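2 protein chains.
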Amino acid sequence: MMQIEHGGALDRAMMRFGGKPEDWMDLSTGINPELFPLSAIPPEIWNRLPDQKLLDTTVNAARQYYGVERDAGIVAAPGTQALIQILPQLAAVGEAVIISPTYQEHELSFKQAGWSVSHCQDVKEISQSAKVAVVVNPNNPDGRIVEAKILLDLAEELHARGGFLIVDEAFSDPHPETSIASHAGMDGLIILKSFGKFFGLGGLRLGFALTTHANAERLKTRLGPWAVSGPALFIAANAFSDSRSLADYRSRLTFRRKMLADVLVEAKLCEIGGTSLFSLVKFDQATALYDKLCEQHVLTRKFAYAPQWLRFGLPLDAKAADVLSKRIAKAFAAN
Amino acid sequence: MMQIEHGGALDRAMMRFGGKPEDWMDLSTGINPELFPLSAIPPEIWNRLPDQKLLDTTVNAARQYYGVERDAGIVAAPGTQALIQILPQLAAVGEAVIISPTYQEHELSFKQAGWSVSHCQDVKEISQSAKVAVVVNPNNPDGRIVEAKILLDLAEELHARGGFLIVDEAFSDPHPETSIASHAGMDGLIILKSFGKFFGLGGLRLGFALTTHANAERLKTRLGPWAVSGPALFIAANAFSDSRSLADYRSRLTFRRKMLADVLVEAKLCEIGGTSLFSLVKFDQATALYDKLCEQHVLTRKFAYAPQWLRFGLPLDAKAADVLSKRIAKAFAAN
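Keeping their order, the protein sequence lines are chains G and F.
In terms of the numbering used here, the first sequence opens at residue 786 and continues consecutively.
In terms of the numbering used here, the second sequence opens at residue 786 and continues consecutively.
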């Protein structure tokens, strides 16, 4: 089985480079380092099974937040990953194409389900025999964006072949102009939304699929009842509806991203892509720099398929950005 | 598709009988009404994806708490239900037998996966053609207990036929003497554990499968990474290890159950079964009494297949028991 290097690899880095968790700056994920303000969770939300009313409230709030029309269905799941695990079951086994490079969970899931998986760099290169295509938009790690018209045409084409298009919008929240959520409900289109990344609540496990009502029912049947925790539904319903906190939270994210860009410019690290939640830099000795940064207790993400790339997540605040800047300087000095 | 009446049906009861949530005493579930004391959840548990170390810590604590040997595998899932959804995938489609009556989720899942499902009242009646059997032990709603030796022999027999035995121990925590968790790891045996029922945290969504290492790996692959939320793992790891709080919590549960029994005796409602988490009473006009209790804003559980049965969950404390007693008296007076 293929070995996937997940984010949150801090434990492995500590084993190799020492230090305690509090010594490290973990920038290896694309999760907002600031938690969206948590509402107090009533005891009955912990105690009771999450009931239909709570689920409906959250799904309706998600509908409004993502801009999904009534003629589309929405499925809440315990993380986008739970949806990725079952999406291959929505069509008879065939050929799936992943627009690459991107993160590897889609490929693994289709392969485990018996699909043949191929890769291409551009949607124009998708073979006529492919039944399913996966586009992460904006893409992780390079931030590449595919425009709406191309995606909608592709969904139509794949539907005509008995398949569908998966548009994984895990990183679209800070870039709503890239989202095609308003088109959810058209045949052949499945859009995935991650709650945890933008809202800084990756531990909560909550994701959504936006698709036709028929597909939504099939996904719900596979997930079964009470799939998402009560606290996750409760927190998300409040977050989606709290437009004042959301505006402030968005602006702090923008500021945080600007700080990261400034740090990278100062370090003469060339940014070649990214989203509001991470930056991708290109550097000839990136793999060596990754190790040097680990020695300074800064964990970034490296990529086996692109040894000249490093991905940086966001520092929490100005103080963290300053520490990052100094540690990068030390890492270079050690070179 | 079969219509399942789930617990947490308070919303539907309010639509029919009026009242606000705070007016109602919801005794329709088998969940402990007292939350196990929640430990403060560190921000990084909310923020980060639940990492391997957190998962290992919780699974090791579960191993100790349930008394599972090293030669067995443990799988953590977002609720027992998430495991019920995928168990039919562990063998080629065939015939499954559910020891009945019991709760309906197992049957529905096997049927959805294309299995033929039959029922019998006693494990001795299981047909030779059955590949899988499901025993809820102690059973919900009648509390019937099947002894260990019979279950272990059955697991061996089903394994020889290429199948397995599912022992659902959702209600065994207060009755550890009924558990066969120490036998987990033998071929053909899959034991399910629910975290939320005994610990009063049904909203948290956490359950475990105890089985062979090989089955555990197959279930993990189907669930995918980060299946359980960080808060659920963190809270459970602490709860499993907190033996002092556990002892007090257990004794309060025993007291609570005694109060319910006293209320039922006083009301001349004849208890015919149950567990530490609920009581099953038999009453000729149970369906009418269910409605009368709803008029008093007491929600119990009724059973379409046994119209003379009512199941009562636990009142939280002496005050709640007193209110329940008075409302039952009023319901009878209205008859």
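Built from N, CA and C at the ideal position, the CB exists for glycine as well.
Everything numeric in this text was worked out from a predicted model, so none of it was measured.
Are the CB atoms of A861/F and F993/F nearer to each other than 7 Å? Here A861/F is near F993/F, since their CB atoms are less than 7 Å apart.
With DSSP collapsed to three states, give me the class of Q788/G. Legend: pLDDT at Q788/G = 43, less than 50; position of this residue unreliable, value from coordinates given subsequently. If DSSP states are grouped into helix, strand and coil, Q788/G belongs with coil.
Does I883/G have its Cβ less than 7 Å from a Cβ in chain F? For I883/G, no CB of chain F lies under 7 Å from its own CB, so it is not counted at the interface with that chain.
Going along the chain, which residues of the stretch 837 to 852 of chain F sit with their C-beta nearer than 8 Å to a C-beta in chain G? If you check each beta-carbon in the stretch 837 to 852 of chain F against every beta-carbon of chain G, the ones closer than 8 Å belong to Q837 and K838.
Under the three-state DSSP convention, the category K805/G falls into: In this structure, K805/G counts as coil in the three-state DSSP scheme.
Three or more C-beta pairs below 8 Å linking the stretch 887 to 904 of chain F and the stretch 1026 to 1035 of chain F: Judged by Cβ distances under 8 Å, the stretch 887 to 904 of chain F makes no contact with the stretch 1026 to 1035 of chain F, as fewer than three pairs qualify.
Assign M810/F to one of two classes, buried (16 or more other C-beta atoms within 10 Å of its C-beta) or exposed (fewer than that). Buried is the label assigned to M810/F, since at least 16 other Cβ atoms lie within 10 Å of its Cβ.
Could you list the residues in the stretch 972 to 1006 of chain G with a C-beta less than 9 Å from some C-beta on chain F, going in chain order? Taking 9 Å as the Cβ-Cβ cut-off against chain F, the residues of the stretch 972 to 1006 of chain G that qualify are G981, G985, L986, G987, G988, L989, R990, L991 and T1006.
8 Å Cβ shell around E819/F - same chain, five flanking residues per side excluded: Correct list, in chain order: G985, Y1034, R1037, L1038, R1041 and L1101.
Throw me the rounded Cβ distance for the K916/G and E880/G pair, which I believe falls under 8 Å. A Cβ-Cβ separation of about 6 Å places K916/G in contact with E880/G under the 8 Å criterion.
Please identify the residue among D1076/G, H968/G and A1114/G whose C-alpha is closest to the C-alpha of F802/G. Ranking the options by Cα distance to F802/G, first place goes to D1076/G.
Specify the secondary structure class of L1099/G as computed by DSSP and reduced to three states. The answer is coil: DSSP assigns L1099/G none of H, G, I, E or B.
At a cut of 8 Å, does the stretch 997 to 1009 of chain G reach the stretch 857 to 875 of chain G through at least three beta carbon pairs? The answer is yes - the stretch 857 to 875 of chain G touches the stretch 997 to 1009 of chain G, with three or more Cβ pairs under 8 Å.
Residues within the stretch 1004 to 1024 of chain F neighbouring chain G, beta-carbon criterion of under 8 Å: Cβ contacts with chain G: T1006, R1007, L1008, G1009, P1010, W1011, A1012, V1013, S1014, G1015, P1016 and A1017.
Below-7 Å beta-carbon distance, L820/F vs any chain G residue: Yes, contact with chain G.
Out of D972/F, I976/F, G970/F and M971/F, which has the shortest C-alpha to C-alpha gap to Y963/F? The residue you asked about is not Tyr; residue 963/F is Thr in the sequence shown. Shortest Cα-Cα distance from T963/F to any of D972/F, I976/F, G970/F and M971/F involves I976/F.
Separation of R1086/G from E790/G, as counted between CA atoms: In this predicted model, E790/G has a pLDDT of only 47, less than 50, meaning its place in the structure is not dependable enough to derive any value.
Taking the continuous alpha helix (DSSP H) assigned at F993/G, which residues delimit it? Run containing F993/G: none in the alpha helix (DSSP H); it sits in the beta strand (DSSP E), G992 to T996.
Please return the same chain residues whose Cβ sits closer than 7 Å to the Cβ of P822/G, not counting the five positions on each side in sequence. Once the five neighbours on either side are set aside, the close Cβ partners of P822/G are S1030.
Please state whether the Cβ-Cβ distance between V908/G and N922/G is less than 7 Å. Result no, Cβ atoms of V908/G and N922/G do not sit closer than 7 Å.
In whole angstroms, what separates the C-alpha of E799/F from that of I884/F? A quick correction: the sequence has Met, not Glu, at residue 799/F. Rounded to whole angstroms, M799/F and I884/F show a C-alpha spacing of 33 Å.
Collapsed DSSP secondary structure at K978/F in the structure displayed: The answer is strand: DSSP assigns K978/F an E or B state.
Check whether the stretch 1006 to 1018 of chain F touches the stretch 885 to 899 of chain F, taking contact to mean three or more Cβ pairs, one atom from each stretch, closer than 8 Å. Output reads no: the stretch 885 to 899 of chain F does not touch the stretch 1006 to 1018 of chain F.
Between I1057/F and the rest of its own chain, which residues show a CB-CB distance below 6 Å, the 5 nearest in sequence each way excluded? If the five residues before and after I1057/F are omitted, its C-beta is found closer than 6 Å to the C-beta atoms of L1065 and K1067, all from its own chain and listed in chain order.
Would you mind telling me which residues of chain G sit closer than 8 Å to A927/F, beta carbon to beta carbon, in chain order? Rather than Ala, the amino acid found at residue 927/F in this sequence is Asp. Under a criterion of Cβ atoms nearer than 8 Å, no residue of chain G is adjacent to D927/F; the nearest Cβ is some 21 Å distant.
Determine, using beta carbons only, whether P1100/G comes closer than 7 Å to chain F. Closer than 7 Å to the CB of P1100/G there is not a single CB belonging to chain F.
Closer than 7 Å by beta-carbon distance: list the chain F residues that pair up with R1037/G, in chain order. Residues of chain F whose Cβ lies closer than 7 Å to the Cβ of R1037/G do not exist; the shortest such Cβ separation is about 15 Å.
Distance cutoff 7 Å, beta carbons only. Does D1033/F sit that close to anything in chain G? Not one chain G Cβ lies under 7 Å of D1033/F.
When we look at the beta-carbon of E910/F and count the other beta-carbons within 10 Å, is it buried (16 or more) or exposed? Exposed, by the Cβ-count rule.
Excluding five sequence neighbours on each side, which residues of the same chain lie with their C-beta closer than 7 Å to the C-beta of H960/F? Cβ contact annotation for H960/F (same chain, cutoff 7 Å, sequence separation greater than five): P923, T1060 and S1061, in chain order.
Roughly how many angstroms separate the alpha carbons of A876/F and H944/F, rounded to a whole number? Taking the straight line joining both Cα atoms gives about 11 Å.
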